[in-house]
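In what follows, a structure is listed as structure tokens, so that the remarks can point back to it.
Number of protein chains: 2
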Amino acid sequence: MNIEQLRDKQGLTEVEFLQKYDASIYQRPSVTVDMLIFTVVDEEKENYRKLSEKSLKLLMVKRGVHPYIGQWALPGGFVTENESIDEAALRELKTETNIDDVYMEQLYTWGDVNRDPRTRVISCSYMALVDCRSLEVKAGDDADDARWFNVRYSVLEEKKTMLEKDLIFEKVVKITLSNDEDILEAIIKVIEKYSGKTARVEREVIVSNGIAFDHAEMIQYAVERLRNKVEYTDIAFNLMPELFTLSELQQVYEVTLGKELLSAAFRRKIADMVMETNQFTKDAGHRPAKLFRFNPNWRYL
Amino acid sequence: MNIEQLRDKQGLTEVEFLQKYDASIYQRPSVTVDMLIFTVVDEEKENYRKLSEKSLKLLMVKRGVHPYIGQWALPGGFVTENESIDEAALRELKTETNIDDVYMEQLYTWGDVNRDPRTRVISCSYMALVDCRSLEVKAGDDADDARWFNVRYSVLEEKKTMLEKDLIFEKVVKITLSNDEDILEAIIKVIEKYSGKTARVEREVIVSNGIAFDHAEMIQYAVERLRNKVEYTDIAFNLMPELFTLSELQQVYEVTLGKELLSAAFRRKIADMVMETNQFTKDAGHRPAKLFRFNPNWRYL
DNA sequence: CTAATAGTGTCTTTAAGACATTATGTC
DNA sequence: GACATAATGTCTTAAAGACACTATTAG
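Residue numbers (the UniProt record's numbering), protein chains in the order written: chain A, 1 to 301; chain B, 1 to 301.
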């Protein structure tokens with residue numbers, strides 16, 4: 001029997017059913033996207049011979065309206081009727097950074113009932129990685145009050161509790177966002193509970209100083225995802241310019257992973273992911289370094 | 001200045017603003033959860049001396065209403081006003097399987113504009129892993145028309161295309177869901193496009209035979225996530241009963257990963273994740289095997 | 001020569017793949 | 001003894017950690 005002719009208990013075909021369907025009878029939440037836009041920039045050099053240090057930055061927007069007026073939030077906005085969630089995320093990315101050639105991935109959807117005091121809002125978070133050299137000098141002089149914040153992420157405490165049937169891991173994480181004008185700080189307890197077969201992760205915000213909504217949790221989640229992915233994939237190259245030295249690449253790995261790496265091992269690890277050029281850095285105050293580019297032939301070998 | 005006293009451009013405090021906020025002015029999508037409930041069960045023994053083979057099963061529900069009437073869909077439902085998305089997922093899990101002590105994790109949120117012909121519906125997919133021995137004999141004799149389907153997942157084709165600036169990976173995957181009564185089949189092309197810095201994954205449904213909505217894509221995504229997680233974490237133990245032999249555990253790894261493993265290497269890999277008991281299997285028609293249980297002290301060492 | 005970074009060599013450790021070998025039960 | 005699975009041993013390969021060493025520039 002033809003699918004188009006199947007009838008339901010009311011005797012309707014699919015076409016007839018859809019014509020009668022009243023979408024308004026259910027209470028619907030609002031759906032938004034929130035963007036975690038990361039970049040890595042060079043800090044001032046201490047000394048003309050030294051390499052400049054790099055730091056991980058996250059874009060935040062100062063709220064000019066209630067709720068959380070005056071606090072900082074992730075850039076984002078509503079998913080409108082005629083766009084997919086991905087399209088909404090791309091649109092937000094474009095309006096904030098004015099670039100669209102960007103690495104982006106969906107992270108997690110946040111749906112606690114009271115996460116927004118206005119009304120029920122479900123938010124889908126996305127991570128984007130941009131090369132700072134392709135950014136216009138937007139955030140900083142802009143009506144929007146978007147600013148880049150230095151991201152520091154540190155684990156304050158780790159605890160493992162074994163009860164009779166339960167196993168509980170607690171991790172207290174401190175996130176510090178800073179720039180010349182503001183310092184925001186969040187302390188989040190991440191609780192993994194294993195009781196019986198149940199495994200569940202809960203987050204508890206202990207301090208969220210100047211960070212709006214549940215965005216501190218989103219940042220915590222995103223930094224962990226970023227670290228995981230930098231370790232196992234090639235996403236770090238999205239933070240690099242076309243040409244780079246291996247030391248610069250290593251610095252980007254170090255600042256995203258939050259730990260120092262040994263250069264011999266690092267070079268072995270990324271050897272197949274880069275192609276050498278015949279260009280070198282100049283005027284460095286020390287031995288020039290060969291410039292490399294990403295090897296697009298490498299993908300998860 | 002006290003946060004409670006901050007006023008916006010209309011001169012309202014946060015409390016005043018929230019009292020006036022009209023949530024109904026934006027068009028809102030419906031939000032649903034869709035559950036990918038996996039289990040592993042023993043198939044018939046070929047021969048009294050042989051071990052029974054295991055197979056991976058997924059729970060599907062036959063649709064009795066439009067749209068896609070008569071086709072099979074993932075169990076799921078609307079996220080209601082007073083529950084978080086996680087709570088909605090747990091509720092669906094409980095109604096389908098009647099157990100709540102289950103491993104569950106959020107997978108991905110699907111938000112294409114026309115993914116549901118009724119109205120704009122955004123769906124958050126969750127994966128749950130259940131031990132078949134803790135399941136009631138629900139699906140099978142139940143008004144709901146829920147059934148377990150055998151899951152087969154095979155990669156039909158892999159292609160890598162290098163254009164000037166673009167790199168495209170295409171993978172064609174065939175998913176076959178089968179049980180005594182039905183065979184459902186989906187063929188999905190997964191396209192990863194890397195152009196410039198942009199990396200984007202698209203899925204194209206080539207065949208979706210008897211599978212409703214975009215659920216074939218959800219299944220494809222979930223199987224890949226399941227495989228990844230089985231390889232690197234301990235989630236496979238959620239598919240095991242309290243006591244098990246190492247061969248049974250290996251079978252569960254093999255059936256979820258879709259490949260055979262060498263037992264020596266497998267035993268080394270999982271050695272720290274299990275604790276031996278002093279019990280053995282009996283009447284096996286061959287050498288008895290020691291029974292093990294999960295070692296809760298092991299977590300991502 | 002010195003400061004500073006670039007880049008290589010190699011020994012060790014660890015994990016995984018391949019495959020052979022031994023062990024132990026039922027029929 | 002035959003069958004089937006259980007369990008271990010060991011050789012090889014590959015990746016990663018540790019750390020010492022050499023190379024090259026500006027000043």
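Beta carbons are placed, not taken as given, at the ideal position from N, Cα and C, and that holds for glycine.
Out of the options, which one is the CA nearest neighbour of residue i?
i: A:SER34; options: A:TRP110, A:GLU81, A:VAL41 and A:VAL173; result: Sequence check: residue 34 of chain A is Asp here, not Ser. Per the Cα distances, A:TRP110.
i: A:SER58; options: A:LEU18, A:LYS50, A:ASN47 and A:SER178; result: Note that residue 58 of chain A corresponds to Leu in the displayed sequence, not to Ser. The candidate whose alpha carbon is nearest that of A:LEU58 is A:SER178.
i: A:ASP101; options: B:GLY196, B:GLU4 and B:ALA271; result: B:GLY196
i: B:PRO29; options: B:LEU262, B:ASN278, B:LEU107 and B:PHE78; result: B:PHE78
i: B:VAL61; options: B:PHE280, B:ARG7 and B:TRP72; result: B:TRP72
i: A:THR238; options: A:LYS160, A:ASN297, A:LYS94 and A:VAL40; result: The sequence shown places Asn at residue 238 of chain A, rather than the Thr named in the question. When only C-alpha atoms are compared, the closest one is A:VAL40.
i: B:PHE169; options: B:ALA186, B:ILE187, B:ILE183 and B:LYS193; result: B:LYS193
i: A:GLU16; options: B:THR95, B:PHE17 and B:VAL65; result: B:VAL65
i: A:HIS215; options: A:MET127, A:LYS20 and A:ARG49; result: A:MET127
i: A:LEU36; options: A:TYR68, A:LYS159 and A:GLU217; result: A:GLU217
i: A:GLN279; options: A:THR256, A:LYS259, A:ILE175 and A:THR245; result: A:THR245
i: A:TRP298; options: A:ASP272, A:LYS282, A:GLN10 and A:ARG268; result: A:ASP272
i: B:ASP234; options: B:LEU129, B:LYS20 and B:GLY70; result: B:LEU129
i: B:LYS32; options: B:PHE213, B:LEU257 and B:LYS165; result: First, the residue type needs correcting, since residue 32 of chain B is Thr and not Lys in the sequence shown. Taking only the C-alpha atoms, the option nearest B:THR32 is B:PHE213.
Got a sec: is the Cβ-Cβ distance from residue i to anything in chain B below 9 Å?
i: A:LEU56; result: no
i: A:GLN106; result: yes
i: A:SER263; result: no
i: A:LEU6; result: yes
i: A:LYS9; result: yes
i: A:SER84; result: yes
i: A:HIS66; result: yes
i: A:GLY258; result: no
i: A:VAL102; result: yes
Establish whether the CB of residue i and some CB of chain A are separated by less than 9 Å.
i: B:ARG120; result: yes
i: B:THR39; result: no
i: B:SER195; result: yes
i: B:GLU81; result: yes
i: B:TYR134; result: Residue identity check: residue 134 of chain B is Ser in the sequence provided, not Tyr. Closer than 9 Å to some Cβ of chain A, the Cβ of B:SER134 qualifies, so yes.
i: B:HIS215; result: no
i: B:ARG28; result: yes
i: B:GLU14; result: yes
i: B:ASP112; result: yes
i: B:MET162; result: yes
i: B:LEU59; result: no
i: B:PHE292; result: no
i: B:ILE211; result: no
Measuring only the C-alpha atoms, how far is residue i from residue j?
i: A:SER84; j: A:LYS45; result: 44 Å
i: B:LEU163; j: A:GLU181; result: 46 Å
i: B:TYR103; j: B:SER134; result: 13 Å
i: B:PRO241; j: B:SER125; result: 25 Å
i: A:PRO288; j: A:THR277; result: 13 Å
i: B:LEU226; j: A:ALA284; result: 48 Å
i: A:LEU12; j: B:ARG7; result: 54 Å
i: A:TYR253; j: A:ALA236; result: 7 Å
i: A:LEU107; j: A:SER263; result: 31 Å
i: A:LYS160; j: A:VAL172; result: 12 Å
i: residue 313 of chain B; j: A:PRO67; result: Because chain B in this structure spans residues 1 to 301, residue 313 of chain B falls outside the shown range and cannot be described.
i: A:ASN82; j: B:VAL113; result: 6 Å
i: A:LYS189; j: A:GLU202; result: 8 Å
i: A:ASP86; j: A:ILE183; result: 31 Å
i: B:PHE38; j: B:SER208; result: 20 Å
i: A:ILE270; j: A:GLU231; result: 11 Å
i: B:GLY70; j: B:ARG115; result: 18 Å
i: A:GLU174; j: A:ALA222; result: A quick correction: the sequence has Lys, not Glu, at residue 174 of chain A. So the two alpha carbons sit approximately 14 Å from each other.
i: A:THR281; j: A:LEU243; result: 10 Å
i: B:CYS132; j: B:THR97; result: 10 Å
i: A:ASP42; j: A:LYS229; result: 22 Å
i: A:GLU185; j: A:GLY76; result: 20 Å
i: B:ILE206; j: B:LEU167; result: 22 Å
i: B:GLU204; j: B:ILE187; result: 9 Å
Task: Touching by the beta-carbon criterion (3+ pairs, under 8 Å), the stretch 145-160 of chain A and the stretch 106-122 of chain B - done: Contact fails: fewer than three Cβ-Cβ distances are below 8 Å.
Open item on the list: With three or more beta-carbon pairs closer than 8 Å as the criterion, would you say the stretch 87-96 of chain A touches the stretch 284-299 of chain A?
Closed with: no
Open item on the list: Below 8 Å, how does it come out for the stretch 151-160 of chain B and the stretch 245-252 of chain B: are there three or more Cβ pairs, yes or no?
Closed with: Look at the beta carbons and you see the stretch 151-160 of chain B not touching the stretch 245-252 of chain B: under three pairs across the two are nearer than 8 Å.
Task: Start-end ranges of the alpha helix (DSSP H) lying completely within the UniProt domain "Nudix hydrolase" (28-174) of chain B, minimum 4 residues - done: Unbroken alpha helix (DSSP H) stretches of 4 residues or longer found wholly inside the UniProt domain "Nudix hydrolase" (28-174) of chain B: 85-97, given in chain order.
- [ ] Write down every uninterrupted run of the beta strand (DSSP E) in the stretch 186-250 of chain A whose length is 3 residues or greater and which is fully enclosed by it, in chain order.
- [x] 198-209
Task: Unbroken stretches of the alpha helix (DSSP H), 4 residues or longer, contained in the stretch 252-279 of chain B - done: 263-270
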